[in-house]
Amino acid sequence: MTSLLITNVNCVLFESIVNEQAVFCRDGKIVHIGTQSDITKKVNKDNGRIDQVVDGQAGYLVPGFIDLHIHGLQQYHVQSGADALTQMSSLLCQYGVTGFLPTVCPRPIDEDVLLLRQLAQVKTTGAEILGFHLEGPFLALAGAIPPQTRKPASEDVTRNFIEAAKPYKTIFSISPDFPDIGKVIPTMKQNGVPVFITHTAANVEQTKAAIESGACHATHFYDVFPPPEQTEPGVRPCGVVEAVLADDRVSVDFILDGIHVDPIAVQVALACKSPDGVCLITDAMVGAGLPPGTYDFMGDTVEIAFEGAPARMAAGSRLPGTLYGSGLTMDRALRNSLEMLEIDLPQALRMVSTNPAKVLGVDNRIGKIEPGYDANLVLLDHSLQVVKTWVGGMNRYTR
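At position 237 of the sequence shown the residue is numbered 219 (my numbering), and the sequence of numbers has no breaks.
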């Protein structure tokens, strides 16, 4: 049994900030929230002990961040294999991330199943792997993903991925306009696993059909979601974006770096959805978290122009100048949301912690600072820079 008392913090709860608080954790769980004196009395009454005390120095104590869509970090990329994923798990704590979905892009036939099987063997001590996110192979629009890696939507292909990722969940990103996708969405969503929508020019009917089949979240919303062609002069057409915004069963996430999406689109989503319906992601690529520069990745070279900038394919690559993920980190996404969206800190934190946990169906144990929840916590200074990160009550990063 180990215990931790974090004192002298401004505790950011679901809808408020409570000043001069302390949080007591035991065996990886949050046990008490209150003043230091009250918590000390409770612990003594229970004949408990406090193994470690950390002075938060009047910083903000917040729930750990959850990234639903991330490919790489610093010099590591999920596609490179198990060792790279292990390193990413440790490094993510530096940016306040305590849980994430490693995002795998499709490879030629059978190679992606083998890669997924290898990744599923990784044992981490840093940020928790909450499942594997497959961005493909069932995508109508390739974007920066090699189009030759797409595969037919079949039960066999779908189940092979699900089996390969065990014991983790497999979260599929699909296009509603991909041939026969409606036949496999029910398999993808079994056991409460969410199905994401992306890379699509689907019309309203196709989108509504995918949602009725079980799709419930749209990832890197607005990116690779082109508008429909105008068919009636003067009449603005509707498509997948409008169908998603109109359905309160579907949540969305954005890459909020100021380039991938105009902040007004995020504000529209916040107005259309409940406060729980919008998340932030990074879609991070090799080079995220590093100084601006060019970085090589499996035959491609990406360029990041400034800290937190989009990743673009560099000159000489197969698609020069094309957006290729981002150089964003989750702590920067949090700060961007306050600057770009005119929201308060509790709401911003819901977009990087509580809401992603809800999308994954794990909001009963992570994503909030409440008694009984996992002690996945981040201490931020007054500039909202990460000072410390705890995963399951264990300190995994100190600045």
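Where is the CB? At the ideal position from N, CA and C, for every residue including glycine.
{"Item": "Give the single residue among Gly174, Glu224, Asp205 and Ser233 whose Cα lies nearest to the Cα of Glu187.", "Value": "Glu224"}
{"Item": "Work out the CA separation of Gly354 and Val13 for me, nearest whole Å.", "Value": "6 angstroms"}
{"Item": "Where Ser256 and Leu323 are concerned, what is the direct C-alpha to C-alpha distance, given to the nearest angstrom?", "Value": "16 angstroms"}
{"Item": "Using the C-alpha atoms, what's the distance from Gly221 back to Glu194?", "Value": "16 angstroms"}
{"Item": "Beta-carbon separation of Leu116 and Phe143 under 8 angstroms?", "Value": "yes"}
{"Item": "Looking at the structure shown, is Val250 part of a helix, part of a strand, or coil, going by DSSP?", "Value": "helix"}
{"Item": "Which residues does DSSP pair with Leu361 in a beta bridge?", "Value": "Leu43 and Lys370"}
{"Item": "For Ala64 and Val373, I'd like the C-alpha separation in whole angstroms.", "Value": "20 angstroms"}
{"Item": "Cβ of Leu362 within 8 angstroms of Cβ of Tyr42?", "Value": "yes"}
{"Item": "Looking only at its own chain, which residues have a Cβ that is under 6 angstroms from the Cβ of Lys133, when we skip the five neighbours before and after it?", "Value": "Pro119 and Val139"}
{"Item": "Could you spell out where the alpha helix (DSSP H) holding Met295 opens and where it closes?", "Value": "Unbroken run through Met295 is the beta strand (DSSP E), Pro292 to Met295; no alpha helix (DSSP H)."}
{"Item": "Starting from Ser155 and walking both ways along the beta strand (DSSP E), at which residues does that stretch end?", "Value": "Thr152 to Ile156"}
{"Item": "Which residue from Pro88, Ala146, Gln212 and Cys75 puts its Cα closest to that of Val104?", "Value": "Ala146"}
{"Item": "So, is His242 buried or exposed, given that buried needs 16 or more other C-beta atoms within 10 angstroms?", "Value": "buried"}
{"Item": "Measuring alpha carbon to alpha carbon, tell me which of Asn185, Asp230 and Asp239 ends up nearest Thr213.", "Value": "Asn185"}
{"Item": "Buried or exposed for Pro84, going by 16 or more other Cβ atoms inside 10 Å?", "Value": "buried"}
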